[in-house]
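First the structure, in the form of structure tokens, and then the observations on it.
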Amino acid sequence: MDFKGDKNHETISISSVSTKVNSFATPSTPGWRPTYIRRRVLIAFVIAFCGIIATLEALNHISSANQGLASSTESRHYLWTYGPTAILTLISAFWGRVEFQAKQSAPWQAMLQKPERPEKSILLDYISEMQPFAMIRAIRNRHHIVTSGISGSLLLRLLLIISTSLFSLQEVEVNKGKIPIQIQGNVSTLSVSDLSTASSQPFDAINGIIFENVSYEDGTTANFSFPTFSTSNTLNESAVLANLTGLAPDLDCEPATLGFNIWSIGRDDYIRQTLSNSQNDVLSSSSCKIQNISTILGFPSLGTVLAPRKPAFNGLFKVGQCEGSDGSDGKRIILAALQAELSKKNTPVPANFTLDGSPEGVTEWPKNITVSHAVNFICKPTLSFVKLLAKSNATETSSNTEIKTLEQENTGPSGLEAWDIASNIVAESSYVAADESSAAWTEQPISNSILFQSTNETQMTVDYEIQLGAMLIGATSNYTDLFGKDVLLNAASSFYRAIGSQLVHQGLNSQEKNMSTGFQISNENRVTMTQLTLRAMEVCLALAVAFAIYMIIFAIRTEPPPYNPTSISAAAAIMSSSKVLRKILHGSSSKPLEAISTLLEGKLYHTESAPGGFSIAAKVDKHKSIDRHNESEVDHKSKLHWSPFPTFIFRVILFIVIAFLIAVLEIVLRVSEANDGLGDIPSTSGALHYTWTIIPALTMVLIGVLFGSIDFNTRCLAPYIHLRDKAGALPSQFMSVNFMDSLNTTNIVRSASLKQFAVFVTTLCTLITSVLTIITSGLYTTMEVPGYVTLDFNQESTFYGTEAYYISLDGANSSYQDNALLTSEYILRDDFDYPKWTYEDLAFPKMSLNSTISLADLTDTYADITVPAMRATVTCKFQSGADLNATRYKYYGEEYASFNIFFAPCNSSSTHPSWVRQQWSYMRLSSESSFGFAAFNPCTVENDGYLANTKNTATINPLGGTVSYIWGSISNGSFSHVAALTCRESAEMVDTKTRFTLPDFNISTEIPPQPDESTARPAKGYTNSEDWTSSNALGKVDGFDGFFGSLVYGKYAISPKYLANEVDNEKVISAVKFQHRVVKAQMFNSFNRESVANSSSYPAPSTLRGKITTPGRLRLFQDAVSTRVLEALLGTLLILGILGSLSTNTDHVLPKNPCSIAAVASLLADSNILHRYTPDIGDPNAKEVEERLFTDCRFFLGWCYDGPLRGFNDDRFTIYLTDYGIEKKLQLPPSREGWV
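The sequence shown: position 716 = 716 (full-length UniProt numbering), numbered continuously.
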């Protein structure tokens, strides 16, 4: 090229410059292959992806095997929250280079393979397009390498988002290892004979469970009995798992059919009922036939049906023998629900025949009685071992044991038959049914709470076994339910299992203790893997592996370009050799891409390497017609500007959104800290977990995408930014600048060294946005914290005083006292839980919730309420030794003793009684042993000397009395120690802070009630009046009466040795007083309670305030550390983003998007830069080439007014250079004056 001046200047040739440069040309390079889409790099990615999948599976296996990966500790919290996202962010950054180089090389590879139309070659731009649109274009163009690269990036971005929910915090049971345990209560078949000694205790227990809210005793459930266990070598707040073997009694039942349905009455039989065909008097099933079934079942008597003339319903639980079998193997239990009705009547009633209870006017016999409805079963008792997994609190012996059934075996213990259990159940049941007047348990609540009772329409008789069973399964009082599917069977089986389990526990459990091994477990908050997220990540990674393998298989196979053609220097070198393309694009620098596209139509473009250099050639496209009719005419002086997304206005909006996010983060954090979290998290709601993890992560990813776009625009335009400066751009600022194909960290370092402030700022912002996603993964977490709310509670009942109390003991209600004593026995002897509304020596009023909130909504919560509770209080007089004047004597050959003890006169105060002595002699002594008994002494007007036997009601003051507790020991035929405690009882009310577990209002045993002693006040008008000690319902044990038997062998047992030692008197006194109050609390609960609405003695407050606590409430918290880090990062983004936008406005740099080959080529087509390149220049990207070609040069972008100053007639908008070195040498005026 000749650089021509005006007519006053000589023509200067620059061929010498070219010659000089050529001498420094580098030899031919081996060719350019993008680093990140080489096979070995892609193989490394495949290995990395597979390694992550393997790691995830390994972690999942560890999590499943160990109930989580690790305990949640403060030091590890951020490792689990930040770790996965950080790793994926790093991999995503490297894969970003794979995607970019696949996009960047796509048009060059297309032209290397074959000539392509401009839209698939030099106009092709995957780089600046958004990923979804670029992928669609790549699919259409069948550029599968690009499709795979973009797909991999999108998958990794999706992985970044969902990885924030990979780990979650859950409370799980952690196995802490083996621990020795002590097992007690294994079944002993040596004590089969002891089954009968259990007497009515199993029935009492079931009655207590149904009617007194007593829990099943430790070692029993509704279905089986099991041994108890304990251990001492445990950590606090831990539990113990133990494998146990229980014993399960049950019924194996078959449907059975009656052989008849009509029960005929013979004319000559009058009273005796017979069957019309005796051969039909059977009940048969598939495996058993029982004869004489009408006698066994005891059908309704003639009078039962005839007298009221209404249907009779019978629910029956009977025993029969299978025909053809002897002994217990043929014994069966028969279940029957029958309804009998009158049929035709045609026989006059004899004049001399009377029928008790028959209505007047009955003049005919019924023809027969018809069984209109019947459900029958024949049941074989079974007894089998059951394998159990028991979980119990480690600090209390089998406390609240949770039982899980593992396996039911078909065999039971040797030497013990199923009928051994059944016979005792049936015998006890038969005893009750045979003589109700003398039955030990007929006065239990069942007698006053019959579920199935006769009505005006139906006569009803239902055996107690079925009554109790129906209550156990929650059946209604409608007897027709028993005809429903399996209701009768379930009721009877439930009763049998429950009563049988109690019988085994009471009669067969051995007290021998055996050592075994259990497992110590504790509840910990553990880091666990979210399965849905795990599987989603594995699918994404598997797809990423598939895309990477595809890229490996179909990697670039064509001959590569001789050098990297993507830099501006390389583009100039290629354009210098591409004569045809320069001609086509001549004068197009200022035209938009649409106009350039029109110019390029009609030709196919390809690359070629020739002696003239590596170039882009064109040939006519025979299949494409050229239509330039709509070619836009652009004013060559118009200043066109390309405004990339996001534009300046959009960036301002983005900065406002970031400022808003900072404010929102701070506000939400304060709300979280003020309210113990942001909200409750249902434990079963997995969707919420993804809400608070994925949505924040998605928000940060979107911010990252927007800042990535800003950074891309800045890096893309970085070489052109200084071209519009007045001083132009140095070669190092233009020709060799390429920030597109580098990692962010590399770009930050290079931009700082090149003083590219805008690139430095935006790249730093992009790097920060990568950290945003990582930090967001730990922004929200869940924690268990208690929740509190204050609500009103109604007091539904209160307690009345002596007068009503005394009256309640008259008549039928007197059985309630025995009920209370039996309940006390369950508590003291069998370690049952306290019935509802009682705890130890306190009786509480019944409560209800006074709120619109349903109790069902308060499940697993507890309420702390200060409640007025009633308790007994005693004023006692202690005596010991000679003061008692203990004397032994014989009476009818039995050993007795007399004592000189105190009692309180009638007019004596309950709290400050005056004591008088009285000789008492009514105790039968055992031989050499400790003894203890209690006796009640009523307040008498006249006294005959026998305290316990003074029963003349005319001389008893019903409003007073004392209880004497006498204990000691006999050694060598004489009293070695004797002591007595005589107490005058009263009652008091005390405000007690009580924790009730909701919704059932059970009193918490973990935090027992705490009476406020300062509020204790006498219960109005109360004085003890009943001799509850004489009933001895607690049962005698080893020479002790019931009270002392419970004292030395019960729940709060003291050593029997204490009764024989004077030094232990205080311990005995304390234990006696406490147990006295415990028993009286159950009596208060049974019959000193009345409705608040009916109470005049003790008006209750209208409402009581209670604080409801929801323990273990899972709450969503915003992490303070993550919030502060995010705020700092977002604040940094805001500042850097504003600075970067102010320093460089990318809206006004170039007239078109420079990301396609054609766009750069149009900017260089008319440039004087091209003439400095020669075919043998070598790699134009080499540093030494730049130094030799462009030393002392400055580069500009603008309109070239070449004609007036330099001798040309055309004006051009282009990138041009000015060589200040040559102008200085030739003493020419600065050429900048001729280039604008």
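Don't be surprised by glycine CBs; every beta carbon is placed ideally from N, CA and C.
Item	Value
Using DSSP with H/G/I as helix, E/B as strand and the rest coil, what is Lys755?	coil
Got a sec? Which residues, its chain only, sit under 6 angstroms from Val375 by beta carbon, not counting five neighbours each side?	Ala337, Phe483 and Leu488
Can you check which of these residues, Asp463, Ser225, Gln453 and Met471, is closest to Val504 by C-alpha distance?	Ser225
Excluding the five sequence neighbours on either side, which residues of its own chain have a C-beta within less than 7 angstroms of the C-beta of Trp419, listed in chain order?	Ser328, Lys331 and Pro381
Find the nearest neighbour of Gly320 within the set Asp326, Arg535 and Ile334, judged by alpha-carbon distance.	Ile334
Taking the Cβ atom as the reference point for each residue, do Pro1011 and Thr992 lie within a distance shorter than 7 angstroms?	yes
Identify which residue in Pro696, Thr766 and Thr798 has its Cα closest to the Cα of Thr1132.	Thr766
Three or more C-beta pairs under 8 angstroms: does that hold for the segment 1064-1078 against the segment 858-876?	yes
Which partner residues does Gly704 have in the DSSP bridge list?	None, per the DSSP bridge assignment.
Please confirm whether Lys178 and Thr517 have their CB atoms less than 7 angstroms apart.	yes
Report the three-state DSSP secondary structure of Asp326 (helix, strand or coil).	coil
From the DSSP output, read off the bridge partner residues of His606.	Ala617
Would DSSP call Ala882 helix, strand or coil?	helix
Measuring CA to CA, which of Leu1150, Asn490 and Ser930 is closest to Gly973?	Ser930
Taking residue 1260 as part of the alpha helix (DSSP H), name the residues at either end of that continuous run.	Residue 1260 lies beyond the stretch modelled for the chain, which goes from 1 to 1236, so this question has no answer here.
Would you decide whether Tyr270 is buried or exposed? Buried here means 16 or more other CB atoms lie within 10 Å of its CB.	Unreliable positioning characterises Tyr270 in this predicted model, as indicated by a pLDDT of 39, which lies under 50. The coordinate reading is nonetheless provided below. The residue is exposed, with fewer than 16 neighbouring Cβ atoms inside 10 Å.
When burial is assigned at 16 or more other CB atoms within 10 Å of the CB, is Thr798 buried or exposed?	buried
Assess, as a yes-or-no matter, whether the segment 120-128 is touched by the segment 594-609 under the definition of 3 or more beta carbon pairs within less than 8 angstroms.	yes
What does the alpha-carbon distance come out to for the pair Asn207 and Asp830?	14 angstroms
Identify the continuous alpha helix (DSSP H) that holds Ser151 and give its terminal residues.	His144 to Ile162
Quick check on Lys114: does DSSP put it in helix, strand or coil?	coil
Assuming Ile1135 contacts Phe996 (C-beta within less than 8 angstroms), just tell me the rounded distance between them.	Not a contact, Cβ separation roughly 57 angstroms.
Take the Cβ of Val305 as the centre, count every other Cβ of all protein chains shown within 10 Å, and call the residue buried at 16 or more, exposed below.	Note that Val305 scores 49 on pLDDT, short of 50, meaning its location in the model is unreliable; the coordinates nonetheless yield the value given after this. It counts as buried.
DSSP three-state call for Thr852: helix, strand or coil?	coil
Assign Ala697 to one of two classes, buried (16 or more other C-beta atoms within 10 Å of its C-beta) or exposed (fewer than that).	buried
For Ile658, collect the residues of the same chain with a Cβ closer than 8 angstroms to its Cβ; drop the 5 residues on either side in sequence, then sort them by chain order.	Ile703, Leu1130, Leu1133, Leu1134 and Gly1137
Look at the alpha carbon of Thr55 and the alpha carbon of Ile47, and state the distance between them as a whole number of angstroms.	12 angstroms
Counting only C-beta atoms, is Ala418 closer than 7 angstroms to chain D at any point?	Although the question refers to chain D, the structure presented lacks it and comprises just one protein chain.
So does the segment 525-544 actually touch the segment 59-68, counting three or more Cβ pairs closer than 8 angstroms?	yes
Could you spell out the range, first to last residue, of the alpha helix (DSSP H) harbouring Pro132?	Gln131 to Asn141
Less than 7 angstroms between the C-beta atoms of residue 1241 and Ser1141, yes or no?	Limits of the chain in this structure are 1 at one end and 1236 at the other, which puts residue 1241 out of reach.
For Thr405, which of helix, strand or coil comes out of DSSP?	strand
Taking all protein chains shown into account, decide if Thr89 is buried (16 or more other Cβ within 10 angstroms of its Cβ) or exposed.	buried
Specify the secondary structure class of Arg332 as computed by DSSP and reduced to three states.	strand
Please state the DSSP three-state secondary structure of Met575.	helix
If we count Cβ pairs, one from each stretch, closer than 8 angstroms, do we get three or more for the segment 726-745 versus the segment 1157-1165?	no
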